[in-house]
Structure formats: structure tokens, C-alpha cells
Amino acid sequence: MSTIALFGGSGRTGMRLLEKLLEAGHEVRLVSRRPVESREGVTVILGDATDLTAVKETVQHADVVFSALGTDKQNVLSRFTPLVIEAMREVGVTRIVTVGTAGILKAHDTDAYRFQTRESKRTMTTAAEDHAHAYELLDASGLDYTVVCPTQLIDEPSVGKLVITQDKLGTLHSGPISRDDVADLVLDVWQGNKYVGHRVGITTESR
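Residue numbers (full-length UniProt numbering): 1 to 207.
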């Protein structure tokens with residue numbers, strides 16, 4: 001079994017990822033801003049994902065880093081990503097799998113991000129810009145990264161055919177995707193050492 005440093009484990013996608021890791025018997029090092037209930041297999045590091053000391057302590061002794069951190073109007077991903085890169089280099093961890101957004105996949109007809117084109121249905125781009133900056137930092141880091149990029153996340157099971165593709169979204173008729181399917185893909189790309197150095201689109205075919 002492995003030891004995983006998990007950021008964003010208290011979010012809705014992160015909680016699903018945490019449960020799947022524990023069910024599989026892995027040890028999890030989890031950063032949290034507040035005390036959480038003690039659980040077997042979980043080491044809680046009190047702190048913030050934008051604090052270098054907490055990030056370094058979380059990454060210590062880990063075999064791989066997972067991040068399901070969401071973004072906000074404070075550019076949390078742009079602030080977190082340089083810290084986790086520094087911490088990973090310091091302790092010699094090379095593999096990181098993060099959850100991004102389908103907006104930062106490559107558009108079909110240009111070299112732009114989807115969120116910069118009409119492919120994206122969102123009018124606000126603040127969150128996508130933060131995700132894009134985090135992706136660019138990882139891409140330049142030399143680390144073995146994968147960014148899992150879902151379309152609209154839902155708590156219910158996915159409906160329709162699952163479409164998983166490298167760097168681009170596999171359909172122009174995309175639908176919502178279950179958080180459980182995203183968590184499963186994070187585990188799959190890590191365990192199978194897949195899509196290293198790439199973004200991965202995950203969605204459902206809506207027609």
C-alpha cells in the first residue's frame with residue numbers, strides 16, 4: 001500500500017477520493033485548516049494549503065500527491081501550486097495528480113484553452129484562469145503530473161457514455177460528470193501511470 005498526500009480532501013470531490021483511498025488500504029496525509037475526527041489510516045496536518053510549512057509536512061513520507069483543491073477569488077491554486085512543487089522537489093516526490101476543469105483543455109479548432117473560446121459555456125473565467133495558471137506551473141515543473149479535467153461536476157451517478165481523452169475534450173456534446181467517476185479516474189491514472197505530462201478530459205456524451 002502507498003502513502004498519499006491529499007490536498008482538498010474536505011471538498012466534495014476530495015471526500016470521495018479520500019474514501020476510495022482508505023477503502024483500498026492506503027495511508028493518507030491530509031491537510032486541514034481545522035481539527036477533524038480521527039480515522040484509521042489518516043494523518044491530519046493542521047494548516048492551510050497556501051502555507052509552505054503545512055504543505056511540506058503533508059508531502060513528507062508520501063509516495064504521490066493528489067490535489068482536489070477548488071479555486072476561489074483569492075487564486076488559491078496559483079498560490080498553492082508553487083508551494084507543492086517546491087515541497088515535492090525537496091523530499092524527492094515526482095508524481096502528482098490534480099483535479100482541474102475542462103475549461104483548460106485544448107480547444108478543438110485552435111491552440112487556445114476551451115474557456116477562451118465558444119466551446120465553453122461559462123461567461124465567468126476567473127476560476128478557469130486560476131486552473132490554467134496552476135496547470136502551466138506544473139507543466140514547467142519537470143514533475144510527473146496529470147491534470148484530470150472534468151466538465152460540470154454532479155454528486156449523482158453519471159448518465160450516458162463516459163468519454164475520457166488526452167488534452168482535448170472528446171465530444172462537443174458534453175454532459176455532466178459524477179464526482180465518483182472523477183475520483184476513480186484520479187486513482188486509475190496514478191495506478192496505471194497513465195497520461196503523465198498531460199491533461200485528461202472526462203465527460204459524458206449528452207446525445
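By construction, the Cβ of each residue, glycine as well, lies at the ideal position given by its N, Cα and C atoms. As the structure is a prediction and not an experimental result, all values here were calculated from the model.
Per DSSP, reduced to three states, the secondary structure at residue 131 is helical. Just so you know, the alpha carbons of residue 52 and residue 151 end up roughly 30 Å apart. DSSP places residue 74 in the coil class of the three-state scheme, outside both helix and strand. Per DSSP, residue 189 is one residue of the alpha helix (DSSP H) stretching across 179 to 191. In this structure, the beta-carbon distance from residue 202 to residue 187 does not fall below 8 Å. Around the Cβ of residue 120, a 10 Å sphere holds 16 or more other Cβ atoms; the residue is buried.
In this chain, residue 43 is not harboured by any alpha helix (DSSP H); it is covered by the beta strand (DSSP E) spanning 42 to 46. Taking each of 199, 93, 177 in turn and checking the Cα distance to residue 13, the smallest one comes out for 177.
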